[in-house]
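**Q**
In our numbering, the protein residues as written are 5 to 97.
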């Protein structure tokens with residue numbers, strides 16, 4: 005993540021139900037890249053957008069969209085939204 009720290013996210017029961025079958029793969033990552041047990045590269049989403057012909061959208065735009073949603077729709081505190089994007093840590097001012 006941006007801060008260099010692990011970004012841990014609490015999971016709901018519904019999320020755990022979706023992820024449970026993936027345990028059989030015995031991988032430490034949920035979204036594997038082309039090589040087994042390695043995460044997707046940071047360019048994977050950009051390449052996908054290009055392949056499906058989506059113009060004018062960036063991967064960073066997804067983060068920006070989440071930040072707007074967290075603030076405007078979910079009324080999340082600023083600190084929580086920033087932590088969700090790994091912009092600030094628990095001990096940041």
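Ideal Cβ placement from N, Cα and C applies to all residues, glycine included.
From a predicted model like this one, the values you see are computed outputs, not experimental measurements.
Spell out a yes or no on whether the stretch 50 to 61 and the stretch 25 to 35 are touching, meaning 3 or more CB-CB pairs, one atom from each, closer than 8 angstroms.
**A** no
**Q** May I ask you to report which of helix, strand or coil DSSP gives residue 25?
**A** helix
**Q** Among all the DSSP beta bridges, which residues are the ones paired with residue 43?
**A** 36
**Q** What is the rounded straight-line gap between the Cα of residue 26 and the Cα of residue 78?
**A** The C-alpha of residue 78 is placed about 30 angstroms away from the C-alpha of residue 26.
**Q** Verify whether the separation of the beta carbon atoms of residue 35 and residue 44 is less than 7 angstroms.
**A** yes
**Q** From which residue to which residue does the alpha helix (DSSP H) around residue 89 run?
**A** Segment: none, residue 89 is in no alpha helix (DSSP H) and carries neither H nor E.
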